[in-house]
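K.L.:
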Amino acid sequence: MASLDKRSLLQLIGPYVRVFDGPLMLIVFLILAVSTVTLYSAGIDFPGRIEGHLRNILLSLLVMWAVAIIPPQVLMRFAVPMYVGGIILLLAVAQFGLIRNGARRWVDLGVVIQPSEIMKIGMPMMLAWFFQKREGMTRWREFLIAGLLLIVPVALIMKQPDLGTSLLVLAAGLYVIFFAGLSWKVIVAGIVVVLASLPIAWSMLHDYQRGRVMTLIDPTTDPLGKGFHIIQSMIAIGSGGLTGKGWLHGTQAHLEFIPERTTDFIFAVYSEEFGLIGNIILLILYLLLIARSMAIAAHAPTLFSRLLAGSISMIFFTYAFVNMGMVSGILPVVGVPLPFFSYGGTAFVTLGLGVGILMSIQRHRKLVQS
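Note that my numbering gives residue 1010 to position 350 of the sequence shown, counting from 1, and the numbers run on in steps of one.
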């Protein structure tokens, strides 16, 4: 009787559990476990922070599960509405958005939201839909239209100003365009144009953005001001040594030398407490996350799903590379979270949505094959 009850329970919950892709879910779970341990230490002086982190994880998993159930063909129908809705909300932000810390990035619709976050997924979905509709007709005109679709939201986000998010949206769109078959000649020509336009771009940057670049070059010019973040995070990373100072024993973090230690600079806390060995383990986990995501993209059955999965895979790479780079002092500080690691509800929902799309593509490919 007990065996029957147990079998019935497994039969009941089995379809819901099988929604998740096993290897991808295992990798995400391991990253979430390490992040929870690290955030407990980093946020020990912030009441409610670890509870909030666990709540964000649960919300991300729910989003992941809900999206994984939806077939990719249905997801494709949301591409245009999500893109158009995101553009409308970005225009609303420009007109009557909320201003915080000198930036106009939020809009109050009864619930305060940040529309630029929508475009992190909405942009690659739109471009993947665009190339799917023009499959076999990828001429220069299609790439030009795709570029225009990409430039509009990026320009609106940069105007807020939000350089970090605009670069993430730009990268997500460029990945789709690249996977769609953009010629290497065009890519090289684009790089040359970008390098040639750097003086113009420099003049268009805000003072604080130019300050971040100059701080990257030499943070010691303002060690107690703009260079403080970088200097302290580099000290924390270096002082971790090979094996780290041990969990809860990071002096830079607990003496409050590391700013934003639960969000953008949590990697510095992790490095100080777990050292080089811990960093290598974390890097391996992110490489496995990207590799599994790319494997799903490689076996996706349609152009839309291949382009979208490939872009999401590279988004994970961009998040991790930019965050670790800025905390280590090799990239400017642009406010990019470490995926599934940094504290933040919006980022967790966006990342959960991305993983859910990957699981949807993988799950429904298997259903079609079976």
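Even for Gly, the Cβ is constructed at its ideal location relative to N, Cα and C.
Use the C-beta contact count for D681: other C-beta atoms within 10 angstroms, 16 or more gives buried, fewer gives exposed.
P.N.:
buried
K.L.:
Consult DSSP for L1011 and reduce its assignment to one of helix, strand or coil.
P.N.:
helix
K.L.:
Around the Cβ of Q892, are there at least 16 other Cβ atoms within 10 angstroms (buried) or fewer (exposed)?
P.N.:
buried
K.L.:
Below 9 Å between beta carbons: does that hold for S965 and P784?
P.N.:
no
K.L.:
Between which two residues does the beta strand (DSSP E) containing V767 stretch?
P.N.:
763 to 768
K.L.:
Going along the chain, which residues of its own chain have a beta-carbon closer than 7 Å to the beta-carbon of T1006, five neighbours each way excluded?
P.N.:
Q774, E777
K.L.:
Only counting the same chain, and skipping five residues up and downstream in sequence, which positions put a Cβ closer than 7 Å to that of I730?
P.N.:
S1020
K.L.:
Using CA coordinates, which residue listed in L947, T923, S857, F977 is at the minimum distance from S695?
P.N.:
T923
K.L.:
Could I get the ranges of all uninterrupted alpha helix (DSSP H) runs contained in the stretch 918 to 967, with 4 residues as the minimum, in chain order?
P.N.:
926 to 958
K.L.:
Given a cut-off of 9 Å on the beta-carbon distance, is the pair P1049 and H1024 in contact?
P.N.:
The requested residue 1049 is not part of the displayed model; the chain covers only 661 to 1030.
K.L.:
Can you tell me where the alpha helix (DSSP H) holding L855 begins and where it ends?
P.N.:
844 to 856
K.L.:
Hey, how far is the Cα of M779 from the Cα of F839?
P.N.:
19 Å
K.L.:
Just to confirm before moving on: does the CB-CB distance between Y946 and I691 stay below 9 Å?
P.N.:
yes
K.L.:
Given this structure, state the Cα-to-Cα distance separating F925 from V987, to the nearest angstrom.
P.N.:
Distance between the alpha carbons of F925 and V987 is about 6 Å.
K.L.:
Taking 6 Å as the limit between beta carbons, can you name the residues of its chain near F934, skipping five residues before and five after?
P.N.:
G904
K.L.:
Measure the C-alpha to C-alpha separation of S1000 and Y700 and round it to an integer number of angstroms.
P.N.:
Per the sequence shown, residue 1000 should be read as Phe rather than Ser. Straight-line Cα distance between these residues: approximately 14 Å.
K.L.:
Alpha carbon to alpha carbon, how far is D705 from M894?
P.N.:
22 Å
K.L.:
May I ask you to report which of helix, strand or coil DSSP gives G772?
P.N.:
Here residue 772 turns out to be Val, not Gly, going by the sequence shown. In the three-state scheme derived from DSSP, where H, G and I count as helix and E and B as strand, V772 is classed as strand.
K.L.:
Is it buried or exposed, M661, if we count other Cβ atoms within 10 angstroms and call 16 or more buried?
P.N.:
In this predicted model, M661 has a pLDDT of only 45, less than 50, meaning its place in the structure is not dependable; the value taken from the coordinates is given anyway. It is exposed - the Cβ of M661 has fewer than 16 other Cβ atoms within 10 Å.
K.L.:
Going along the chain, which residues of its own chain have a beta-carbon closer than 7 Å to the beta-carbon of D822, five neighbours each way excluded?
P.N.:
A763, R765, S776
K.L.:
Given that a residue counts as buried once 16 or more other Cβ atoms are within 10 Å of its Cβ, and exposed if not, what is W789?
P.N.:
buried
K.L.:
Taking the beta strand (DSSP E) that L758 belongs to, which residues open and close that run?
P.N.:
For L758, the enclosing beta strand (DSSP E) begins and ends at 758 to 760.
K.L.:
From L1018 to A815, what does the alpha carbon distance come to, in whole angstroms?
P.N.:
Computed Cα separation, rounded: 28 Å.
K.L.:
If distances are taken between C-alpha atoms only, which option among R678, P683, A702 comes closest to S1002?
P.N.:
Ranking R678, P683, A702 by Cα distance to S1002 puts A702 first.
K.L.:
Would you report the Cα separation of V873 and L684, rounded to the nearest angstrom?
P.N.:
36 Å
K.L.:
May I ask you to report which of helix, strand or coil DSSP gives H1024?
P.N.:
helix
K.L.:
To the nearest angstrom, report how far apart L830 and G824 are at their CA atoms.
P.N.:
10 Å
K.L.:
What first and last residue would you give for the alpha helix (DSSP H) that runs through E711?
P.N.:
Here the alpha helix (DSSP H) through E711 covers 709 to 729.
K.L.:
Quick one, which of V929, A806, A955, F738 has its alpha-carbon nearest L998's?
P.N.:
V929
K.L.:
Considering L830, what are the terminal residues of the alpha helix (DSSP H) in which it resides?
P.N.:
823 to 839
K.L.:
In terms of alpha-carbon separation, which member of H909, E795, I817, V734 lies closest to G841?
P.N.:
E795
K.L.:
Can you check whether the CB of L828 is closer than 9 Å to the CB of M806?
P.N.:
A quick correction: the sequence has Ala, not Met, at residue 806. No, they are not a contact pair.
K.L.:
Give me the Cα-Cα distance between V679 and G1012, rounded to the nearest whole angstrom.
P.N.:
Roughly 14 Å between the two C-alpha positions.
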